[in-house]
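Accompanying notes for the structure given below.
There are 2 protein chains.
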Amino acid sequence: MVQRILNDPDNIVDEMISGFLKTHKDIVEATENNRVIKAKNIPKDKVGIITGGGSGHKPAFIGYVGKNMCDAVAVGEVFSSPTAMAFLDAAKAVDQKKGVACLYGNYSGDNMNVKMAIKMAIKQGITIKSVIANDDVASAPKNQREKRRGVAGEILMWKIGGAKAAQGGNLDEVIAAAQKAIDSTRSVGIGLSPCTLPAAGHPNFEIKPGMMEMGIGHHGEPGMEICSLKTAKEIAEKMINIVIPDYPFKEQDEVVVLVSGLGATPVMELYVLYNEIEKLIKTKNIIIYKAYVGNYFTSLEMKGATLTIMKLDQELKKLIDMPAYTMGLKQK
Amino acid sequence: MVQRILNDPDNIVDEMISGFLKTHKDIVEATENNRVIKAKNIPKDKVGIITGGGSGHKPAFIGYVGKNMCDAVAVGEVFSSPTAMAFLDAAKAVDQKKGVACLYGNYSGDNMNVKMAIKMAIKQGITIKSVIANDDVASAPKNQREKRRGVAGEILMWKIGGAKAAQGGNLDEVIAAAQKAIDSTRSVGIGLSPCTLPAAGHPNFEIKPGMMEMGIGHHGEPGMEICSLKTAKEIAEKMINIVIPDYPFKEQDEVVVLVSGLGATPVMELYVLYNEIEKLIKTKNIIIYKAYVGNYFTSLEMKGATLTIMKLDQELKKLIDMPAYTMGLKQK
């Protein structure tokens with residue numbers, strides 16, 4: 001039995017949204033569709049930025065709605081895609097006749113529903129273009145990048161796309177910046193313990209004590225290797241050796257590094273892990289321009305972490321530096 | 001076996017500090033004492049705000065060092081007090097001959113070490129005055145408030161004391177504001193699963209599946225009652241019925257509400273819990289001026305949550321509204 005604070009598991013998403021809206025009144029507001037949340041005080045005449053995804057990944061996805069990131073989000077059930085109607089309503093909520101950029105992760109349900117939303121939007125005179133995050137190196141070989149899933153790299157995609165729109169970029173410029181961001185980004189995850197869907201009540205996969213899973217997905221999708229639990233230093237080496245050569249990141253590259261916990265790993269361990277990652281990256285003469293460490297994209301109460309690295313150019317550097325104010329990312 | 005990302009458990013605090021300093025270069029910096037971290041760019045001629053406590057409670061304590069909150073922190077081993085020397089060095093790092101306010105939690109080790117640090121400071125010409133947080137209602141009866149422990153209410157005390165110092169308050173004014181903050185604050189915790197000290201490797205207490213512990217402390221200190229695991233609505237009622245009558249908070253009071261996870265409880269459940277707490281507070285005609293929901297003060301990978309309520313007056317309202325910029329609390 002999983003020890004949870006909830007009422008009816010079938011109602012957890014609606015109750016979570018209700019609590020979220022009450023807490024963050026200064027950042028977000030409800031819309032007519034109760035599975036769509038939008039930012040408050042969206043600046044005039046800008047491209048709308050939307051996203052959407054399953055629940056249980058907090059702060060993703062609703063935690064990245066706010067100033068200079070996403071303008072609206074479509075909220076799905078736990079670990080399952082929002083409906084096409086929710087994506088459409090998110091677009092309608094933020095459309096200012098400048099077009100809407102839908103920046104989301106590569107999962108079959110999301111792909112299907114975003115495509116349907118785009119078709120419906122055309123009929124209503126709204127232009128939606130999309131960027132599909134596929135930063136998870138472990139989910140498919142490099143020559144099949146279109147099959148790779150989106151993981152914590154999505155946050156950097158939202159940061160860049162949101163900043164470009166805030167700068168006044170047009171739809172094509174916003175899409176190009178978000179696409180460049182995700183094309184320059186690689187991630188890998190490690191799992192130390194499983195999670196349990198509230199409605200199921202038992203884990204849908206297993207990680208034995210003393211073992212870990214390299215390359216695990218954000219919903220427990222199988223990784224590349226199950227091995228004995230390593231030290232932080234060894235884990236960092238394994239993660240770096242997957243992420244760095246794939247892009248590949250090279251000497252003198254300037255990068256953003258994001259280490260996210262998967263939920264139940266204490267934050268102090270994330271800093272221990274980042275401490276090792278930073279040393280390894282330095283050894284490779286790659287320059288860390290900015291680092292984010294914390295619970296940025298979780299999987300309920302899974303233990304483990306993800307490593308995400310994004311290569312910067314002059315444009316991306318300016319956009320990553322732009323202030324942001326959301327529940328999940330606040331930056332001066 | 002607990003599934004952790006670490007190297008040597010005896011080295012976890014030093015490695016965590018190293019990773020923390022590398023990540024938050026814009027907010028904090030090292031000092032000569034490797035167990036003391038200070039804020040960057042502390043404004044001139046202000047009262048210094050320091051705190052300190054055991055590790056494993058992230059963002060507490062080092063996550064609240066930064067603009068308009070704490071100026072320096074003394075870092076202890078996991079769940080154990082910093083040394084007297086660390087408290088003293090924290091004071092020395094921020095002393096500007098305006099005095100230093102040490103705002104910390106009521107635990108015997110911290111009390112002893114802060115008292116020693118104050119004595120040593122006098123000899124060096126530094127004035128330290130202290131406020132001891134004792135917001136945990138469950139830890140002693142109301143007529144023995146001096147025995148109560150400090151829990152998540154400490155964050156509100158740091159917010160208020162830090163803001164008062166930033167406003168230019170003198171030492172006595174800062175101490176008075178912080179004391180008023182904690183005197184107006186009450187908290188209670190619930191535990192759903194235990195945590196394990198990295199060096200011990202096994203939990204030092206037990207919560208059976210299907211059960212929960214009302215009034216549990218931040219280190220698993222025994223609470224008031226062990227009962228079957230309730231729904232979010234019932235848990236909210238139990239927490240409210242402990243916190244509200246103790247102060248007591250009354251009709252038309254304006255309050256801050258802080259719901260913190262203990263580490264491994266998914267954040268979506270905290271919003272579900274807050275959704276119920278908000279309804280109950282409204283029913284009592286108490287006015288929620290501001291709410292914080294998230295992992296603000298954790299206990300490694302414990303499952304559970306704390307509820308903290310602080311009554312506001314005009315002064316506290318202005319101070320709680322002041323911007324802050326720390327790893328754990330960023331507010332415009």
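In order, the protein sequences belong to chains X and Y. Residues in the first sequence are numbered from 1 upward in steps of one, following UniProt numbering. Residues in the second sequence are numbered from 1 upward in steps of one, following UniProt numbering. Glycine included, every Cβ here is placed at the ideal spot set by N, Cα and C. Just so it is clear, the structure is predicted and the values come from calculations on it, not from any experiment.
>> So for Ala163(Y), helix, strand or coil by DSSP?
In response: Taking the second sequence and counting its residues from 1, the one referred to as residue 163(Y) is at position 163. Three-state DSSP puts Ala163(Y) in a helix.
> Any idea what DSSP makes of Lys129(Y), helix, strand or coil?
Replying inline: Within the second sequence, residue 129(Y) is the residue found at index 129, counting from 1. Reduced to three states, the DSSP call for Lys129(Y) is strand.
> So, does the CB of Leu300(X) fall closer than 9 Å to a CB anywhere in chain Y?
Replying inline: On the first sequence, residue 300(X) is found 300 positions in, with the first residue counted as 1. Leu300(X) counts as touching chain Y.
> Along chain Y, which residues have their Cβ under 9 Å away from the Cβ of Ser187(X)?
Replying inline: Reading the first sequence from its first residue, position 187 is the one you call residue 187(X). Those do not exist, as Ser187(X) stays about 16 Å from chain Y at its closest Cβ, beyond 9 Å.
>> Using 8 Å for Cβ pairs, my map puts Leu319(X) next to Ala177(X). What's the rounded Cβ distance?
In response: Locating residue 319(X) in the first sequence gives position 319, where the first residue counts as 1. Locating residue 177(X) in the first sequence gives position 177, where the first residue counts as 1. 6 Å between Cβ atoms; contact.
> In terms of residue numbering, what span does the beta strand (DSSP E) encompassing Tyr325(X) cover?
Replying inline: For the purposes of this step, residue 325(X) is taken as the residue at position 325 of the first sequence. 324-326 is the extent of the beta strand (DSSP E) around Tyr325(X).
> Thinking C-beta only, is Leu273(X) closer than 9 Å to Ile235(X)?
Replying inline: Residue mapping note: residue 235(X) aligns to position 235 of the first sequence, counting from 1. Residue mapping note: residue 273(X) aligns to position 273 of the first sequence, counting from 1. Yes, these two residues count as a Cβ contact at 9 Å.
> When you compare only the Cα positions, how much space is there between Ile128(Y) and Ala232(X)?
Replying inline: In the second sequence, counting from the first residue as 1, residue 128(Y) sits at position 128. In the first sequence, counting from the first residue as 1, residue 232(X) sits at position 232. Taking the straight line joining both Cα atoms gives about 39 Å.
>> One question on the structure: do Val131(X) and Gly153(X) come within less than 9 Å of each other, judged by their Cβ atoms?
In response: Residue mapping note: residue 131(X) aligns to position 131 of the first sequence, counting from 1. Residue mapping note: residue 153(X) aligns to position 153 of the first sequence, counting from 1. No, the Cβ-Cβ distance between Val131(X) and Gly153(X) is not below 9 Å.
> Which runs of the alpha helix (DSSP H) fall wholly inside the stretch 64-116 of chain X and span at least 4 residues, in chain order?
Replying inline: 84-94
> So, is the C-beta of Val256(Y) closer than 9 Å to a C-beta in chain X?
Replying inline: Looking up residue 256(Y) in the second sequence gives position 256. So, not an interface residue.
> Closer than 7 Å, Cβ to any Cβ of chain X: which residues of the stretch 256-275 of chain Y, in chain order?
Replying inline: Gly263, Ala264, Thr265, Pro266, Val267, Met268, Glu269, Tyr271, Val272, Leu273, Tyr274, Asn275
>> So with CB distances below 7 Å, who are the chain X contacts of Tyr325(Y)?
In response: As a first step, residue 325(Y) must be located in the second sequence, where it is residue number 325. What Tyr325(Y) touches in chain X: Lys332.
> Just checking my contact of Gly150(Y) with Asp136(Y) at CB under 8 Å: how many whole Å lie between their CB atoms?
Replying inline: Numbered from 1 along the second sequence, position 150 holds the residue referred to as residue 150(Y). Numbered from 1 along the second sequence, position 136 holds the residue referred to as residue 136(Y). The pair is a contact, with the Cβ atoms about 7 Å apart (cut-off 8 Å).
> Going along the chain, which residues of the stretch 227-241 of chain Y sit with their C-beta nearer than 7 Å to a C-beta in chain X?
Replying inline: Leu229, Thr231, Ala232, Lys233, Ile235
> Enumerated in chain order, which unbroken segments of the alpha helix (DSSP H) with a length of 4 residues or greater are wholly contained in the stretch 163-240 of chain Y?
Replying inline: 171-183
>> So, at 8 Å on beta carbons, what are the nonlocal neighbours of Asp14(Y) in its own chain, with the 5 sequence-adjacent residues on each side left out?
In response: On the second sequence, position 14 is the one that residue 14(Y) refers to. The answer, listed in chain order, is Asn34.
> Is it right to say Asn204(X) is buried, meaning 16 or more other beta carbons lie within 10 angstroms of its own, or is it exposed?
Replying inline: In the first sequence, the residue the question calls residue 204(X) occupies position 204. Answer is exposed; the Cβ neighbour count stays below 16.
>> Which residues in chain X have a C-beta closer than 7 Å to the C-beta of Ile12(Y)? List them in chain order.
In response: Numbered from 1 along the second sequence, position 12 holds the residue referred to as residue 12(Y). What Ile12(Y) touches in chain X: Met268, Val272.
>> So Asn295(Y) contacts chain X; which residues on that side make the cut at Cβ distance below 8 Å?
In response: Here residue 295(Y) corresponds to residue number 295 of the second sequence, with the count starting at 1. Near Asn295(Y) (Cβ distances below 8 Å), the residues of chain X are Val267, Asn295.
> Quick one: what's got a C-beta closer than 6 Å to Glu254(X)'s C-beta in the same chain, skipping five residues either side?
Replying inline: Translated into the one-based positions of the first sequence, residue 254(X) becomes position 254. Counting only Cβ-Cβ distances below 6 Å, and skipping sequence neighbours, we find Ile287, Tyr289, Leu312.
>> Among Gly109(Y), Lys67(Y), Gly66(Y), whose alpha-carbon lies nearest the alpha-carbon of Ala86(Y)?
In response: Residue 86(Y) sits at position 86 when you count from the first residue of the second sequence. Checking every option, the nearest Cα to that of Ala86(Y) belongs to Gly109(Y).
> Would a C-beta distance cut-off of 9 Å place Gly66(X) and Tyr325(X) closer than the cut-off?
Replying inline: For the purposes of this step, residue 66(X) is identified with residue 66 of the first sequence, where counting begins at 1. For the purposes of this step, residue 325(X) is identified with residue 325 of the first sequence, where counting begins at 1. In this structure, Tyr325(X) lies closer than 9 Å to Gly66(X) by Cβ.
> Just curious, the beta strand (DSSP E) that Val259(X) is in, first and last residue?
Replying inline: As a working note, residue 259(X) is residue 259 in the first sequence. Its beta strand (DSSP E) spans residues 254-261.
> Quick check: the stretch 240-249 of chain X against the stretch 258-270 of chain X, are there 3 or more CB pairs under 8 Å?
Replying inline: no
>> In whole angstroms, give me the CA-to-CA distance for Ile12(Y) and Asn41(X).
In response: Numbered from 1 along the second sequence, position 12 holds the residue referred to as residue 12(Y). Numbered from 1 along the first sequence, position 41 holds the residue referred to as residue 41(X). If you take the alpha carbons of Ile12(Y) and Asn41(X), they lie about 43 Å apart.
> Three-state secondary structure (DSSP) at Gln331(X)?
Replying inline: The count along the first sequence starts at 1 and reaches residue 331(X) at position 331. Looking at Gln331(X) - three-state DSSP - the assignment turns out to be strand.
> DSSP three-state call for Ala121(X): helix, strand or coil?
Replying inline: Position 121 of the first sequence, counting from 1, holds the residue named residue 121(X). In this structure, Ala121(X) counts as helix in the three-state DSSP scheme.
> If Thr31(X) and Trp158(X) are in contact, beta carbons under 8 Å, what's the gap, nearest whole angstrom?
Replying inline: Looking up residue 31(X) in the first sequence gives position 31. Looking up residue 158(X) in the first sequence gives position 158. Rounded, the Cβ-Cβ distance is 19 Å, inconsistent with contact.
>> DSSP three-state label for Glu29(Y), please.
In response: Indexing the second sequence from 1 puts residue 29(Y) at position 29. The answer is strand: DSSP assigns Glu29(Y) an E or B state.
> How big is the Cα-Cα spacing for Ile207(Y) and Ser193(Y)?
Replying inline: Here residue 207(Y) refers to the residue found at position 207 of the second sequence. Here residue 193(Y) refers to the residue found at position 193 of the second sequence. Cα to Cα, the separation comes out at about 5 Å.
> Can you give the Cα-Cα distance for Pro209(Y) and Glu301(Y), rounded to whole angstroms?
Replying inline: Within the second sequence, residue 209(Y) is the residue found at index 209, counting from 1. Within the second sequence, residue 301(Y) is the residue found at index 301, counting from 1. Whole-angstrom Cα-Cα distance: 15 Å.
>> At the level of alpha carbons, what is the spacing between Ala17(X) and Ala74(X)?
In response: Looking up residue 17(X) in the first sequence gives position 17. Looking up residue 74(X) in the first sequence gives position 74. The amino acid at residue 17(X) is misidentified as Ala; the sequence shows Ile. Approximately 11 Å, taken between the alpha carbons.
> Using a Cβ-Cβ cut-off of 8 Å (strictly less than) and excluding sequence neighbours within five positions of Glu315(X), which residues of its own chain qualify?
Replying inline: Here residue 315(X) refers to the residue found at position 315 of the first sequence. Contacts found: Ala177, Lys180.
>> Which residue wins for smallest C-alpha separation from Glu278(X), given the options Gly263(X), Leu262(X), Val256(X), Thr298(X)?
In response: If you number the first sequence from 1, residue 278(X) lands on position 278. Cα-wise, what sits closest to Glu278(X) is Val256(X).
> Any idea what DSSP makes of Lys317(X), helix, strand or coil?
Replying inline: Numbered from 1 along the first sequence, position 317 holds the residue referred to as residue 317(X). Helix at Lys317(X).
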